[in-house]
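Engineer: Below you'll find the structure I mean.
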Amino acid sequence: QSNSASDSGARGLWSSRLAFILAATGSAVGLGNVWKFPYVTGENGGGAFVLVYLLCIAIIGVPIMMAEVFIGRNGRHNPITSFRLVAERNLVSPLWRISAIIGMLAAFIILSFYSVIGGWAASYIGHAAAGDFTGGTAESVGELFSALLGSPTQLLLWHTVFMALVVLVVSRGLKGGLERAVTILMPALFVLLLAVVGYATTTGHFGEAVSFLFTPDFGALTVDGALVALGHAFFTLSLGMAIMMAYGSYLGRDVHIGRTAVSVAIMDTVVALLAGLAIFPVVFANGLEAGSGPGLIFQTLPLAFGNMPMGSLFGALFFILLLFAAWTSGISLLEPVVEWVEERTSFARTGSAVLVGILCWALGIVSILSLNVWSDVTPLGMFQAFEGKTIFDLLDFFTANIMLPLSGLLTAIFVGWFVARETMKSDLALENGAFTLWYNLIRFVTPVAVAVVFFYNLMA
Ligand code: PHE
Ligand code: NA
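In structure tokens:
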């Protein structure tokens with residue numbers, strides 16, 4: 003094979019298939035699993051939504067993840083260069099790399115505000131441990147949250163802490179940084195999650211949560227709900243951000259991409275379901291509203307933690323878990339851009355990580371200010387669709403609803419229609435039946451489904 007030379011390890015490879023799985027799972031498992039999945043499930047009626055979501059993971063998420071890992075491993079460079087190399091090897095326009103450029107730009111923008119939210123989780127560890135929620139009321143807990151969002155200095159402090167943690171790991175490179183961090187953080191996250199689930203079984207409302215999550219009520223599922231499920235499948239697997247390309251670029255040629263992608267998707271799904279089983283019993287036991295939206299974990303859970311036995315302990319554990327989940331995702335958002343700067347400039351790994359980290363940190367200040375000082379600033383407010391959207395809201399909207407699906411759509415079309423079938427067949431090393439299935443999904447099902455969501459989002 004043409005890239006056997008670079009496979010000798012000069013560039014560095016994950017030390018095992020498990021290391022890659024942990025890193026990719028570390029990227030996938032994040033606020034999306036612990037914060038978003040429970041509340042969108044709550045808003046969309048439970049079981050039926052979960053079923054559609056699982057279907058989307060299987061027939062759209064996994065095939066796209068395989069396509070992204072393929073590009074990274076076949077190109078063996080940063081996502082943009084890898085895309086160009088794969089295009090050149092298949093005699094098609096190098097302009098296809100626009101997909102990776104959009105994805106990396108999205109990763110950079112997302113990290114700038116993801117770090118701000120990661121900072122919330124970090125600050126809540128201290129609040130929980132200090133007993134600030136103890137005996138709390140909806141009002142006092144709500145005030146604490148608004149006080150945090152209203153304080154630029156506090157937000158800046160925690161945003162800085164979070165970004166520093168991310169830069170620290172990425173600057174140490176593949177083995178000393180990324181691998182070491184995920185092999186400690188991921189098992190820890192799993193144990194913490196099981197501890198909180200264990201607590202949830204004692205609330206007396208565990209059965210209610212199980213039936214809420216697993217009894218499909220198709221009457222409660224709307225078309226909107228199905229589209230949310232598809233969009234979330236994308237977000238939760240960290241697709242459309244060049245992340246799996248960057249991580250795939252360090253993957254050994256002997257590793258089976260299909261089985262690996264399936265493992266990552268299963269782990270991500272298990273964590274999301276466990277998060278549901280950790281959170282909903284607490285929600286039901288305290289008479290909280292399952293469909294209460296984004297505030298679910300920052301406003302309602304502290305209320306629950308504040309009024310349960312050993313709530314300070316479990317509250318602190320929960321927010322540590324959230325911080326770890328966000329940290330490994332933050333690392334994955336920084337890596338593609340750092341890999342690119344490292345390869346394309348004379349900066350070494352550390353310099354690249356610090357440089358990109360500082361730029362991203364600076365962009366994050368815009369999101370911080372739009373939560374308070376600039377909360378009335380709505381730059382696109384003259385358009386009806388963007389009425390009332392702050393700069394933070396706009397960054398979130400454009401990345402999640404436009405850049406990610408667009409990048410994913412282009413990747414699916416590129417791999418499905420412009421890369422030689424033979425290359426795909428040998429790189430993915432799937433048996434005939436499985437290959438035909440994957441090929442049909444990536445050529446037809448995935449692009450159509452993503453396009454539907456994309457245009458639906460644009461209209462809405
Ligand atoms: N996949 C992560 C989650 O579910 C979200 C994420 C998005 C992580 C983008 C990294 C990059 O929370
Ligand atoms: Na996820």
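Taking UniProt numbering, the leading residue of the sequence shown gets 3, the next gets one more, and so forth. Cβ atoms here follow ideal geometry from the backbone N, Cα and C, with glycine treated the same way.
#1: Candidates SER409, LEU20, ALA123 and LEU194: which alpha carbon is nearest SER247's?
#2: Is the Cβ-Cβ distance between VAL171 and ALA183 less than 8 Å?
#3: Give a yes or no on whether the C-beta atoms belonging to PHE236 and LEU443 are separated by under 8 Å.
#4: Here's the rule I'm using: 16 or more other beta-carbon atoms within 10 Å means buried, otherwise exposed. How should SER6 be labelled?
#5: Buried or exposed for MET384, going by 16 or more other Cβ atoms inside 10 Å?
#6: In whole angstroms, what separates the C-alpha of ALA130 from that of THR448?
#7: May I have a chain-ordered list of the alpha helix (DSSP H) segments no shorter than 4 residues that lie completely inside the region 175-234?
#8: Which stretch, first to last residue, makes up the alpha helix (DSSP H) that contains ALA149?
#9: Mind checking whether the beta-carbon of GLY34 lies closer than 7 Å to any heavy atom of the ligand NA?
#10: Report all residues from its chain with a CB closer than 6 Å to the CB of MET461; omit the five preceding and five following residues, and keep chain order.
#11: Mark GLY11 as exposed unless 16 or more other C-beta atoms lie within 10 angstroms of its C-beta, in which case mark it buried.
#12: Can LEU335 be considered in contact with the ligand PHE, in the sense that its beta carbon sits closer than 7 Å to one or more heavy atoms?
#13: Rounded to the nearest angstrom, how far is the Cβ of LEU167 from that of TRP329, given a contact under 8 Å?
#14: What's the call for ASN35, buried or exposed, on a 16-neighbour Cβ count within 10 Å?
#15: Kindly confirm or deny that the region 44-62 and the region 358-373 touch, where touching means at least three C-beta pairs closer than 8 Å.
#16: For the ligand PHE, any of its heavy atoms closer than 7 Å to the Cβ of PHE237?
#17: How is TYR116 classed by DSSP in three states: helix, strand or coil?
#18: Go ahead and label VAL193 buried or exposed: buried means 16 or more other beta carbons lie within 10 angstroms of its beta carbon, across all protein chains shown.
#19: Can you tell me which of ALA280, ALA267 and GLY128 puts its alpha carbon nearest to the alpha carbon of THR203?
#20: Express the C-alpha separation of GLY14 and VAL42 in angstroms, rounding to a whole number.
#21: Report buried or exposed for GLU433, applying the criterion of at least 16 other Cβ atoms within 10 angstroms of its Cβ.
#22: In terms of residues, what are the limits of the alpha helix (DSSP H) holding ASN442?
#23: Is the closest heavy atom of the ligand NA to the C-beta of VAL31 under 7 Å?
#24: Just to check, is the beta-carbon of MET312 closer than 7 Å to a non-hydrogen atom of the ligand PHE?
#25: Am I right that MET269 and THR27 are in contact with their C-beta atoms under 8 Å? What's the rounded C-beta distance?
#26: Does at least one heavy atom of the ligand PHE sit under 7 Å from the Cβ of ILE360?
#27: Which residue wins for smallest C-alpha separation from ARG351, given the options ALA364, GLU337 and ALA222?
#28: Could you tell me whether any non-hydrogen atom of the ligand NAD is closer than 7 Å to the CB of SER331?
#29: Look up TRP160 in the DSSP assignment and say whether it is helix, strand or coil.
#30: Is any heavy atom of the ligand NA found at a distance shorter than 7 Å from the C-beta of ASP398?
#31: Sorry if obvious, but does the Cβ on residue 479 come closer than 7 Å to a heavy atom of the ligand PHE?
#32: Do LEU319 and ALA197 count as a contact pair if the criterion is CB distance below 8 Å?
#33: Please list the segments of the alpha helix (DSSP H) lying wholly inside the region 308-358, counting only runs of 4 or more residues, in order along the chain.
#34: So, LEU187 versus PHE85, is the Cβ gap smaller than 8 Å?
#35: CA-CA distance, GLU90 and SER17?
#36: Specify the secondary structure class of HIS129 as computed by DSSP and reduced to three states.
Structural biologist: Considering the structure as presented:
#1: Start at 1 with the first residue of the sequence shown, and residue 247 comes out as number 245. According to the sequence displayed, residue 247 carries Met and not Ser. That would be SER409, whose Cα lies nearest to the Cα of MET247.
#2: Here residue 171 is taken as the residue at index 169 of the sequence shown, counted from 1. Here residue 183 is taken as the residue at index 181 of the sequence shown, counted from 1. In this structure, ALA183 lies closer than 8 Å to VAL171 by Cβ.
#3: Counting from 1 along the sequence shown, the entry for residue 236 is found at position 234. Counting from 1 along the sequence shown, the entry for residue 443 is found at position 441. Contact: no.
#4: Position 4 of the sequence shown, counted from the first residue, corresponds to residue 6. With a pLDDT of only 42 at SER6, under 50, the local geometry of the prediction cannot be trusted, and the value read off the model is given with reservation. Exposed, because fewer than 16 other Cβ atoms sit within 10 Å of the Cβ of SER6.
#5: The residue labelled residue 384 in the question sits at position 382 within the sequence shown. Exposed is the call here.
#6: Along the sequence shown, one-based indexing puts residue 130 at 128. Along the sequence shown, one-based indexing puts residue 448 at 446. Taking the straight line from one Cα to the other gives about 43 Å.
#7: 182-202 and 208-216
#8: In the sequence shown, residue 149 corresponds to position 147, counting from 1. Where ALA149 is concerned, the enclosing alpha helix (DSSP H) stretches over 140-152.
#9: Taking the first residue of the sequence shown as position 1, residue 34 is located at position 32. Distances from the CB of GLY34 to the heavy atoms of the ligand NA include at least one below 7 Å.
#10: Translated into the one-based positions of the sequence shown, residue 461 becomes position 459. Here the set comprises nothing.
#11: Against the sequence shown, residue 11 aligns to sequence position 9. Confidence at GLY11 is low in this model, with a pLDDT of 44, below 50, so its placement is unreliable and the value that follows should be read with caution. GLY11 should be labelled exposed.
#12: Counting from one through the sequence shown, the residue named residue 335 turns up at place 333. Yes, the beta carbon of LEU335 sits closer than 7 Å to at least one heavy atom of the ligand PHE.
#13: Within the sequence shown, the letter at position 165 stands for residue 167. Within the sequence shown, the letter at position 327 stands for residue 329. The C-beta distance from LEU167 to TRP329 rounds to 6 Å, short enough to fall under 8 Å.
#14: For the purposes of this step, residue 35 is taken as residue 33 along the sequence shown, with counting starting at 1. Burial call: buried.
#15: Taking 8 Å as the limit for Cβ pairs, the verdict is that the region 358-373 does not touch the region 44-62.
#16: Here residue 237 refers to the residue found at position 235 when the sequence shown is read from its first residue. Yes; taking the cut-off as 7 Å, the Cβ of PHE237 has a heavy atom of the ligand PHE nearer than that.
#17: For this step, residue 116 is matched to residue 114 along the sequence shown. If DSSP states are grouped into helix, strand and coil, TYR116 belongs with the helices.
#18: Numbered from 1 along the sequence shown, position 191 holds the residue referred to as residue 193. Exposed, because fewer than 16 other Cβ atoms sit within 10 Å of the Cβ of VAL193.
#19: What you label residue 203 is simply residue 201 of the sequence shown in a count that begins at 1. The shortest Cα separation from THR203 among ALA280, ALA267 and GLY128 belongs to ALA280.
#20: Walking along the sequence shown from the start, residue 42 turns up at place 40. Walking along the sequence shown from the start, residue 14 turns up at place 12. The alpha-carbon atoms of VAL42 and GLY14 are separated by roughly 39 Å.
#21: Here residue 433 is taken as the residue at index 431 of the sequence shown, counted from 1. By the 10 Å Cβ count, GLU433 comes out exposed.
#22: Along the sequence shown, read from residue 1 onward, the residue named residue 442 stands at position 440. Counting along the chain, the alpha helix (DSSP H) containing ASN442 begins and ends at 434-442.
#23: Within the sequence shown, residue 31 is the residue found at index 29, counting from 1. For the ligand NA, at least one heavy atom lies less than 7 Å from the Cβ of VAL31.
#24: Reading the sequence shown from its first residue, position 310 is the one you call residue 312. No, the Cβ of MET312 stays beyond 7 Å of every heavy atom of the ligand PHE.
#25: In the sequence shown, residue 269 corresponds to position 267, counting from 1. In the sequence shown, residue 27 corresponds to position 25, counting from 1. At roughly 5 Å, the Cβ-Cβ gap stays under 8 Å, so MET269 and THR27 are in contact.
#26: Here residue 360 corresponds to residue number 358 of the sequence shown, with the count starting at 1. Taken from the Cβ of ILE360, every heavy atom of the ligand PHE lies 7 Å or farther away.
#27: For the purposes of this step, residue 351 is taken as the residue at position 349 of the sequence shown. Minimum Cα distance to ARG351 is reached at GLU337.
#28: The ligand NAD is absent from the structure shown, which contains only the ligand PHE and the ligand NA.
#29: As a working note, residue 160 is residue 158 in the sequence shown. It is helical.
#30: What you label residue 398 is simply residue 396 of the sequence shown in a count that begins at 1. For the ligand NA, not one heavy atom lies less than 7 Å from the Cβ of ASP398.
#31: Residue numbering for the chain in the displayed model covers 3 to 462; residue 479 lies beyond these limits and cannot be assessed.
#32: Reading the sequence shown from its first residue, position 195 is the one you call residue 197. Reading the sequence shown from its first residue, position 317 is the one you call residue 319. Yes, the pair counts as a contact, with Cβ atoms nearer than the cut-off.
#33: 313-346
#34: Working through the sequence shown from its first residue, we reach residue 187 at position 185. Working through the sequence shown from its first residue, we reach residue 85 at position 83. Result no, Cβ atoms of LEU187 and PHE85 do not sit closer than 8 Å.
#35: By one-based count along the sequence shown, residue 90 stands at place 88. By one-based count along the sequence shown, residue 17 stands at place 15. Taking the straight line from one Cα to the other gives about 29 Å.
#36: For the purposes of this step, residue 129 is taken as the residue at position 127 of the sequence shown. Helix at HIS129.
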